[in-house]
Amino acid sequence: MSLPSDCLFCQFVSGALATEIVGQNRNAIAFRDINPQAPLHVLVIPREHYADVAALALANPEALADVVSLAQEVAMDEADGEYRLIFNSGPSAGQSVFHVHGHVIGGTRLGWSPA
Ligand code: DGP
22 MSLPSDCLFC QFVSGALATE IVGQNRNAIA FRDINPQAPL HVLVIPREHY
72 ADVAALALAN PEALADVVSL AQEVAMDEAD GEYRLIFNSG PSAGQSVFHV
122 HGHVIGGTRL GWSPA
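First residue of the sequence shown: 22, per the numbering used here; consecutive thereafter.
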């Protein structure tokens, strides 16, 4: 499990590593996924480090609300406002970065074959 000191996404929040920020609010930032799976593929993350969405929800529900509202804002700005918001939780579900992030996917008609 990543600690904040060695967490890639914490370094995007702090500015220690550069990434293009496409949206932000009090508790969350948004940036493009390095390996986009759709015309719109942005990651929304809380500024504070939590491993997964359940940990975030328990510790800071207001920050989770800001993550979700930022997803909506990015989808409105960059697509037609319709999107899928995915929180992979745990390695078996495909989580590879253990700073909670929502994948905002859209900009096209989406299929449904997650498994
Ligand atoms: P997940 O597999 O759900 O943990 O998603 C992690 C996502 O993070 C994956 O889709 C690729 C993205 N990612 C990994 N490293 C970087 C990076 O250095 N920059 C950006 N922009 N995205 C990254």
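Don't be surprised by glycine CBs; every beta carbon is placed ideally from N, CA and C.
Within the chosen definition, does the segment 103 to 114 reach the segment 34 to 48 through at least 3 CB pairs nearer than 8 Å? Fewer than three Cβ pairs drawn from the segment 103 to 114 and the segment 34 to 48 lie within less than 8 Å of each other, which leaves the two stretches out of contact.
Whole-angstrom Cβ separation of P67 and A84, contact assumed at under 8 Å? Right, their Cβ atoms sit about 4 Å apart.
So is L64 buried or exposed if we call it buried at 16+ other beta carbons inside 10 Å? So L64 ends up on the buried side.
Do the CB positions of G128 and A100 come within less than 7 Å of each other? Contact flag set, yes.
Is the beta carbon of A109 within less than 6 Å of some heavy atom of the ligand DGP? The residue you asked about is not Ala; residue 109 is Asn in the sequence shown. The closest heavy atom of the ligand DGP lies less than 6 Å from the beta carbon of N109.
So, at 7 Å on beta carbons, what are the nonlocal neighbours of H120 in its own chain, with the 5 sequence-adjacent residues on each side left out? Within its own chain, the residues whose Cβ lies closer than 7 Å to the Cβ of H120, once the five positions on either side in sequence are excluded, are S23, C28, F30, C31, I66, H70, listed in chain order.
If the criterion is Cβ atoms closer than 7 Å, does the pair H62 and D73 meet it? Result no, Cβ atoms of H62 and D73 do not sit closer than 7 Å.
If you run the structure through DSSP and keep just helix, strand and coil, what is L131? In the structure shown, L131 sits in coil (DSSP, three-state: anything other than H, G, I, E or B).
Run through the segment 48 to 127 for me and flag every whole beta strand (DSSP E) of 3 or more residues, listed as ranges in chain order. Listed in chain order, the beta strand (DSSP E) elements of length 3 or more contained wholly in the segment 48 to 127 are 49 to 53, 61 to 67, 104 to 107, 123 to 127.
Would you call the CB atoms of I126 and A59 closer than 7 Å? In this structure, A59 lies closer than 7 Å to I126 by Cβ.
Terminal residues of the alpha helix (DSSP H) in which L29 lies: Element bounds for L29: 29 to 35.
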